[in-house]
Amino acid sequence: MRDKKSVLKDTSAPGTATGADAEASDIRSQKRHSGPFAQPRQRTKYIILVIALVIVAVGFTIAHMSYGNPMPFGSSGYWTIAEMRMNAIITMLIVAFCQAFATVSFHTATNNRIITPSIMGFESLYVAVQTAVIFFLGTAGLAAFTGTTQFLLQSALMVLFAVALFTWLLSGKLGNIHVMLLVGIVIGGGLGSLSTFMQRLLEPNEFDVLTARTFGNVSNANTDNFPIVIPVVAVVCTILYLRSRRMNVVALGRDTANNLGVNHKRELMILLLLISILMAMTTSMVGPMTFLGFLVATLAYQLTDTYDHRLILPVAVLIGYIVLIGSYFIMRNFFYAEGAVTIIIELVGGTVFLFFILRKGRL
3 MRDKKSVLKD TSAPGTATGA DAEASDIRSQ KRHSGPFAQP RQRTKYIILV
53 IALVIVAVGF TIAHMSYGNP MPFGSSGYWT IAEMRMNAII TMLIVAFCQA
103 FATVSFHTAT NNRIITPSIM GFESLYVAVQ TAVIFFLGTA GLAAFTGTTQ
153 FLLQSALMVL FAVALFTWLL SGKLGNIHVM LLVGIVIGGG LGSLSTFMQR
203 LLEPNEFDVL TARTFGNVSN ANTDNFPIVI PVVAVVCTIL YLRSRRMNVV
253 ALGRDTANNL GVNHKRELMI LLLLISILMA MTTSMVGPMT FLGFLVATLA
303 YQLTDTYDHR LILPVAVLIG YIVLIGSYFI MRNFFYAEGA VTIIIELVGG
353 TVFLFFILRK GRL
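When you read off a place in the sequence shown, starting at 1, and then add 2, the result is the number in my numbering.
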């Protein structure tokens with residue numbers, strides 16, 4: 003009897019073990035993945051957010067095209083005026099793409115969400131170049147220093163400056179991005195001091211002309227540069243978006259990224275190169291806009307509540323466009339001061355910056 007029970011026990015044990023192994027194998031064979039949202043309702047919230055932003059953006063665009071247009075809707079005169087206003091819309095779209103993609107990518111590269119790409123000296127270099135031209139060549143020289151050639155030269159100078167900065171300070175085993183940022187701050191401060199010195203020696207008329215050129219304004223954009231700017235911005239933004247998964251890994255830090263098989267330094271160099279191109283395009287086209295990128299990136303982080311750059315970047319672009327066209331529409335049609343758009347954006351962006359700085363430990 004004992005032998006029979008022991009035999010039954012021995013024969014049933016392998017079957018039980020086999021069933022448990024099969025169940026464990028099924029569990030292991032299931033595809034595991036972690037989505038960009040912690041809960042399913044966050045995905046619904048994101049979809050609603052994007053739809054709402056698109057509706058607001060389209061609404062402001064239609065309002066900008068139609069408000070104050072004296073011609074009947076659909077007539078040839080209406081579309082003639084609308085085409086003239088379309089240049090400002092295209093400019094704001096370009097600026098929104100450049101600022102959003104550049105700032106979010108820069109935050110990822112530096113692993114710091116309270117700084118902007120302007121810390122590398124792009125805007126200081128732009129002001130220094132404009133000031134030097136009018137200082138040495140006068141108002142006539144500044145008037146001649148316009149057009150596509152000027153745009154290309156200034157953009158190329160900014161990109162070369164940035165490339166020289168981060169290739170010099172990030173190369174080698176001791177390369178450190180924090181040192182690069184500190185050097186960028188010092189160089190930017192030096193260029194700013196040099197610009198201020200030259201500006202104090204200018205005549206009042208020359209200073210007024212220079213101020214108009216160095217103040218960020220949508221009206222500063224030259225439509226002749228669109229055939230160059232649009233393809234370049236489209237290509238760079240597409241590359242950044244396609245590299246969103248790698249950016250997700252880079253955001254984890256150097257050690258984690260290297261352990262996951264991503265060459266952190268190589269990705270960092272590529273990101274900084276693409277960022278410098280975008281910042282050169284937008285700064286050369288409309289002038290400095292220091293806090294616009296920080297404003298749209300911060301709002302995108304707060305509203306999306308996700309780590310995935312594939313979801314953050316589109317929202318940042320939409321927010322940037324809404325901020326620009328909303329401010330432009332209100333200031334142009336109700337206060338007749340479209341030149342003050344940058345002042346409002348910088349004021350709001352600076353306030354948001356201080357607010358988040360004061361929120362210790364919650365960045």
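In this text, a Cβ means the ideal position worked out from N, Cα and C, and glycines have one as well.
Residue i versus residue j: straight-line alpha-carbon distance, rounded
i	j	result
Arg429	Val298	There is no way to answer for residue 429, as the model of the chain reaches only from 3 to 365.
Ala422	Leu172	As shown, the chain starts at 3 and ends at 365. That puts residue 422 outside it, with no answer to give.
Ile314	Leu270	19 Å
Pro119	Gln201	25 Å
Thr46	Leu244	24 Å
Ala166	Leu127	14 Å
Phe331	Leu155	32 Å
Arg215	Asn222	7 Å
Val129	Gly194	8 Å
Ala253	Val211	43 Å
Thr148	Ser286	11 Å
Ile117	His109	7 Å
Val135	Leu144	6 Å
Met333	Val343	7 Å
Boundaries of the alpha helix (DSSP H) in which residue i is found, first to last residue
i	result
Glu348	Val343 to Leu360
Ala253	Note, Ala253: premise wrong, no alpha helix (DSSP H); not H, not E.
Pro42	Pro42 to Ser68
Tyr330	His311 to Asn335
Ile232	Phe228 to Leu244
Leu292	As written in the sequence, residue 292 is Thr, which differs from the Leu given in the question. Thr292 -> no alpha helix (DSSP H), and no H or E assigned at all.
Pro206	Pro206 to Thr216
Asn89	Ser78 to Thr112
Val181	Ile179 to Arg202
Ile136	Phe124 to Ala146
Phe39	It is not in any alpha helix (DSSP H) - Phe39 carries neither H nor E in the DSSP assignment.
Residue burial classification, residue i (beta-carbon count within 10 angstroms, cutoff 16)
i	result
Gln132	buried
Glu205	exposed
Pro233	exposed
Ser157	buried
Pro242	Inspection of the sequence shows that residue 242 is occupied by Leu rather than by Pro. Leu242 should be labelled buried.
Ala236	exposed
Thr408	Lying outside 3 to 365, the shown extent of the chain, residue 408 is not represented and no answer is given.
Tyr323	buried
Ser278	buried
Ser77	exposed
His180	exposed
Met86	exposed
Met73	exposed
Tyr69	exposed
Proximity of residue i and residue j at Cβ, strictly below 7 Å
i	j	result
His311	Asn250	yes
Phe124	Met281	yes
Ala90	Val288	no
Phe99	Gly328	no
Leu95	Leu305	no
Gly295	Gln101	yes
Thr308	Glu208	no
Leu320	Ala59	yes
Leu274	Val238	no
Val97	Thr284	yes
Pro290	Gly218	yes
Residue i beta carbon near the ligand SAM (any heavy atom closer than 6 Å)
i	result
Arg87	Ligands are entirely absent from the displayed structure, and the ligand SAM is therefore not among its contents.
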